[in-house]
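Counting along the sequence shown from 1, when you hit position 75 you're at 75 in this note's numbering, and nothing is skipped either side.
Ideal Cβ positions, reconstructed from N, Cα and C, are used throughout, including at glycine.
Since the structure is predicted, the reported quantities are computational estimates derived from the model, not experimental observations.
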Amino acid sequence: MAAGHQLVGPRSGIGMTSQRTRDRLIERLRKEGIRNETVLSVMRTTPRHLFMDEAMASRAYEDIALPIGYSQTISQPFVVARMTELLLAADIDGGVKKLLEVGTGSGYQAAILSQLVGEVFSVDRIEPLINQARQRFFDLKYNNIRLKHADGNWGWPEKGPYDGIMVTAAAPHVPQSLLDQLVIGARLVIPVGESDLQQLMVLTRTQEGFDTDLHEYVSFVPLLAGTH
Ligand code: SAH
């Protein structure tokens with residue numbers, strides 16, 4: 001579990017990043033149907049404005065995706081909350097403890113997950129984003145997240161299997177390697193589709209194979225092949 005965050009100096013969260021502004025976002029997520037109060041309470045205290053460029057920080061607690069450079073985005077808070085609650089709802093003996101994220105981006109989603117489970121592994125194909133996220137986790141004392149610069153289509157098999165895998169980029173199809181890295185009962189949460197709009201798919205590993213459920217429509221940047 002990550003330690004509390006000391007917010008001092010010019011980025012202490014005055015005005016548009018104040019606790020009041022953050023509370024309004026949480027209230028909105030609750031109204032829009034997020035039910036997991038533990039997820040909401042972690043999102044309430046996680047400084048999303050520190051996962052983006054300072055020029056963007058005044059919009060950090062609006063329910064929108066924002067640019068983080070390299071043509072990538074930090075996901076919309078509602079989508080972060082929804083995907084997190086879907087991932088954690090898995091029925092696993094001993095609980096959900098070890099997760100993999102594909103698409104580290106800003107590191108915000110990984111930071112949320114790291115406060116809800118024991119260990120988070122996350123990969124991104126863009127090296128500067130990995131380096132930036134690593135520095136953020138160090139500064140903010142999220143010390144149970146391991147990062148790797150890699151093509152996440154292959155997962156991170158050496159560290160698996162996982163109690164859940166979340167893909168935060170739009171996949172044209174579900175990568176078989178990711179399914180292979182789930183324990184029984186674990187879920188893969190992944191936006192599937194090729195156009196601007198994808199559907200959130202939840203695949204749950206069973207003794208016999210996989211159960212599939214479809215959820216909200218979402219809009220993610222594409223899951224690409226290879227590293228950059
Ligand atoms: N979860 C992020 C948002 C991710 S944006 C956050 O909280 O900020 C999508 C990310 O997926 C981008 O950083 C992009 O580089 C990454 N990505 C796209 N294809 C990938 C692949 N094949 N393997 C790993 N990362 C990938």
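Q: Classify phenylalanine 138 as buried or exposed, calling it buried when 16 or more other Cβ atoms lie within 10 Å of its own Cβ.
A: exposed
(Q) For a quick check, are the C-beta atoms of valine 230 and isoleucine 190 less than 8 Å apart? (A) A query on residue 230 cannot be resolved here, the shown segment of the chain reaching from 1 to 228 and no further.
Q. Terminal residues of the continuous beta strand (DSSP E) containing leucine 261?
A. Not covered by the structure: residue 261. The range shown for the chain is 1 to 228.
**Q.** Where glutamine 109 falls, given that 16 or more other Cβ within 10 Å makes a residue buried
**A.** buried
Q | Nearest neighbour of isoleucine 169, chosen from Gln199, Gly185, Glu208 [CA to CA] | A | In the sequence as displayed, the identity of residue 169 is alanine instead of isoleucine. Among Gln199, Gly185, Glu208, the Cα nearest to that of alanine 169 belongs to Gln199.
Q. Serine 58 to serine 71, Cα distance in whole Å?
A. 20 Å
**Q.** Pairwise C-alpha distance: isoleucine 64 and serine 75
**A.** 7 Å
(Q) For glutamate 27, report the span of its alpha helix (DSSP H) as first-last. (A) 19-31
Q) Between Ser122, Ile68, Arg28, Met83, which lies nearest to tyrosine 162 when the distance is taken from Cα to Cα? A) Ser122
Q) Is valine 221 close to chain D, meaning its C-beta is less than 8 Å from at least one C-beta of that chain? A) The structure shown contains no chain D; it holds only a single protein chain.
Q: Mind checking which residues open and close the beta strand (DSSP E) that includes arginine 44?
A: No beta strand (DSSP E) contains arginine 44, which is instead part of the alpha helix (DSSP H) from 37-45.
Q: Please name the residue, chosen from Met201, Arg205, Gly226, Asp211, that lies closest to arginine 82 on a Cα-to-Cα basis.
A: Met201
**Q.** methionine 201 in three-state terms, based on DSSP
**A.** strand
Q) Is the beta carbon of valine 117 sitting closer than 8 Å to the one on lysine 141? A) no
Q | Within 8 Å, strictly: CB atoms of glutamine 43 and isoleucine 112 | A | Looking at the sequence provided, one finds methionine at residue 43 rather than glutamine. Contact flag set, yes.
Q | Of the residues Arg48, Leu86, Ile92, Gly94, the one placed nearest threonine 73, counting alpha carbons only | A | Arg48
**Q.** Three-way DSSP call (helix, strand, coil) for proline 77 in this model
**A.** helix
(Q) For the ligand GTP, I want to know if isoleucine 74 counts as a neighbour, meaning its beta carbon is within less than 7 Å of at least one of the ligand's heavy atoms. (A) Of the ligands this structure carries, namely the ligand SAH, none is the ligand GTP.
Q) Using DSSP with H/G/I as helix, E/B as strand and the rest coil, what is tyrosine 142? A) coil
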